Amino acid sequence: MRTGDEERFRRFATDHAAMLRRSAFLFCGDWHTAEDLMQQTLIKIYRSWSRVQKQETLTRYARTVLLRTWLDEKRRPFRRSEVTGADLPEVPDGSADPALAAGRMWARDLVHRALLEVAPGQRAVLVLRYFDDLSVAETAAIMRCAEGTVKSQAARGLETLRAVVARLGATGRVASS
Amino acid sequence: MSEQELREGLRAAVADEPALSFDPDALMVRAQREIKRRRALFGAGTATVAVAVAAVAVPTMLGSPRGGGNPAGSGGGWPADGCASGSVPPSPTVWYRPSDGPGPSFPYSPSGPSEPPMPTELTVPSEPPSASFKVVVPSSGAVPTFVPVPSGPRPTEPPEPSASPCPPSSVPPPSSSGPPTASGSASANQPQSDFPWPPPDAKQRHYTAAQLTARGAEMRAHLTTDFGRTVSGATDVSVEEFGGESTGAVADGQNYLNSFTGYARNGVHSAVAVAVFSPGDGPSPSQACSEGSCSVQQLTAGDRLVITKIDAGNGAEIVTVTHYRTDGAVVAVSGYNYDPTAKTAMQPQPSMPVTIDQLTKLATDPALGI
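Here the protein sequences line up with chains W and R, keeping their order. One point on numbering: in the numbering used here, the residue at position 121 of the first sequence is 121, and numbering is uninterrupted. Every number in the numbering used here is 177 more than the matching position in the second sequence, counting from 1.
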């Protein structure tokens, strides 16, 4: 790879690493695995950098690679079971009001835990649609499926998520629509 | 839960992300290392596939591999259709199968370089006149040996000449090497079926071991004194004791004798094999012509010569002149362009050290025979 290409890739990786890791975390629910997924994604993009660097939708391409990398990772035998904690962790946040911070933390963990119980395909749609704020068409392009599939997967994912939240949030701390 | 609540919940889920210790340079180094590893793996895989394809394709393109085309795996190198071809050297083993006529038969096989050495514990058959044998000459041994062969069909036998799909021999008969006793009609490449054998008036003989030993000694003495005159320029002539299954080994009722005569010519060592068969017991002409190129010559007295030339592979050639005598006796003399008695690896010479004329003189020598 030429020096100019390396510089462009370095800039791209630096700008997108955090974003890719966050999406990966929502996919897999573990920061360490998310960092591995982010690095694998960037390595795959590096291998094809001379071919893909001129694409206008490079960010979308990176999301596609990340999604494929995560799905491939999930298919590996030692990744097929997701380990989740039996109880919600209690992490103190001293920078905020204790009462409000506890409420946000509870809601955050509840959503994240409920998201991990949604099927991988539906989870990916929810992350792309409601975290990355992508349109149905963009989500369909990343997932390489029809827009109708995105809509149906999003609807089913939301339905599943609400059911899980309702089950986990039996105390009524999370509003339901 | 509304979509907005979901958005807020997702953002809150990643709000406490740990610090990102990301080094793009280290990532690029790792990526380059993986690229090199993948290229090396791909190259090794491609080379492996190429070697495997070549290992299969080359023998296929070159025809049946030596020893591979023969289902029996004996002698190595029979073409699939039983024909001797130029591209695939035939087996150096020449089978002389039992004739249709009365009396015992002798499958005769001067061995080539690929013939494995014969075991030493072979025994003389108890009933030589009724048994079948394969004469095997180890390339590294000095003694031709006879191996009992079951009476059933042998998988390595070439087909009968009459039923053989092989084309006629392409090697012309020797034009300037006619036998000294031949003075007239000589016909080349005659079909073997035109040459009935043995003659109806052939009378089988029974020899005791003592008689065979005495006769072998006479022929040995004769060759010792006369070989140098027949094969001009031959030095270091050494005639082995005539025998059967091994050097000097004879048995009552044995109807053949054989021996090697070693010599040197122009500094190159070689040997001539002499095998004599009693009347009615030698190989038939069709059996003699079952492999390699073959020509038949009829002599004035009614006797015939069968001259065969066998490509034994790796540059080795065997020329055999077989004299079919009027009394039914057979004398076969073989010349080699290598030393069949050598203890070392075969070293074929570019030319045959003996001529067909010289082999013919030996085969038609009345002093040889039983």
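Every residue, glycine too, gets a C-beta built ideally from N, C-alpha and C. Since the structure is predicted, the reported quantities are computational estimates derived from the model, not experimental observations.
To which residues does DSSP link residue i through a beta bridge?
i        : result
R:ILE484 : R:SER472 and R:VAL498
R:VAL437 : According to the sequence provided, residue 437 of chain R is Phe. The question's Val does not apply to it. DSSP lists R:ALA450 as partners of R:PHE437.
R:VAL508 : R:VAL453 and R:HIS500
W:ALA146 : DSSP, once it has assigned bridges, lists no residue as partnering W:ALA146.
R:THR412 : R:ALA441
R:TYR513 : R:ILE495
R:GLY420 : R:ASN435
R:GLY490 : R:ALA493
Checking 8 Å against the spacing of the C-beta atoms, do residue i and residue j come in under that value?
i        : j        : result
W:TYR130 : R:GLU194 : no
R:ALA396 : R:LEU539 : For the sequence presented, residue 396 of chain R should be read as Met rather than Ala. No, the pair does not count as a contact, with Cβ atoms beyond the cut-off.
W:ALA124 : W:LEU67  : yes
R:PHE454 : R:SER436 : no
R:VAL496 : R:SER511 : yes
R:GLY405 : R:ALA411 : yes
W:TYR46  : R:ALA208 : yes
W:THR41  : W:LEU20  : yes
R:ASP504 : R:ALA391 : no
R:ALA190 : W:HIS112 : yes
R:THR485 : R:SER461 : no
W:LEU161 : W:LEU128 : no
W:ALA114 : W:VAL150 : no
R:GLN431 : R:TYR501 : no
W:THR59  : W:LEU37  : no
W:LEU168 : W:LEU116 : no
R:ALA493 : R:MET529 : no
Can you tell me the Cβ-Cβ gap for residue i and residue j, rounded? I've got them flagged as a contact below 8 Å.
i        : j        : result
R:ASP516 : R:ALA448 : 6 Å
R:ALA452 : R:TYR433 : 6 Å
R:ALA506 : R:VAL483 : Contact doesn't hold; Cβ gap of about 14 Å is too wide.
W:GLN122 : W:GLY157 : 3 Å
R:LEU197 : W:ALA18  : 5 Å
Express the C-alpha separation of residue j and residue i in angstroms, rounding to a whole number.
i        : j        : result
W:GLY4   : R:MET238 : 51 Å
R:GLY421 : R:ALA509 : 14 Å
R:ALA192 : R:VAL228 : 57 Å
W:ASP30  : R:ALA231 : 50 Å
R:VAL531 : R:ALA450 : 12 Å
R:THR407 : R:ASP413 : 14 Å
W:ASP23  : W:ALA34  : The displayed chain sequence assigns Ser, not Asp, to residue 23 of chain W. Roughly 8 Å between the two C-alpha positions.
R:PRO201 : W:ALA13  : 6 Å
W:PHE27  : W:TRP49  : 25 Å
W:ILE43  : R:MET205 : 7 Å
R:PRO377 : R:LEU389 : 25 Å
W:PHE9   : W:ASP15  : 10 Å
R:ALA478 : R:ALA234 : 55 Å
W:THR139 : W:ARG63  : 10 Å
R:ASN514 : R:THR499 : 18 Å
W:VAL118 : R:GLU182 : 17 Å
R:ASN491 : R:ARG442 : 21 Å
R:ALA221 : R:PHE199 : 34 Å
W:ARG2   : W:THR57  : 22 Å
R:SER409 : R:ALA428 : 35 Å
R:GLY459 : R:GLY425 : 20 Å
R:GLN474 : R:LEU536 : 14 Å
W:GLU73  : W:VAL65  : 12 Å
R:ARG210 : R:ALA203 : 11 Å
R:THR402 : R:ILE547 : 19 Å
R:ALA394 : R:LEU476 : 29 Å
Use the C-beta contact count for residue i: other C-beta atoms within 10 angstroms, 16 or more gives buried, fewer gives exposed.
i        : result
R:ASP542 : buried
R:ARG214 : exposed
R:PRO527 : exposed
R:THR438 : buried
R:ASP488 : buried
R:SER463 : buried
R:THR223 : exposed
W:GLU7   : exposed
R:PRO456 : buried
R:ARG481 : buried
R:PHE219 : exposed
R:ALA217 : exposed
R:VAL416 : buried
R:GLY444 : exposed
R:SER467 : buried
R:THR518 : buried
R:THR225 : exposed
Under 7 Å: does the beta carbon of residue i sit that close to some heavy atom of the ligand MG?
i       : result
W:GLN53 : This structure does not include the ligand MG; it has no bound ligands of any sort.
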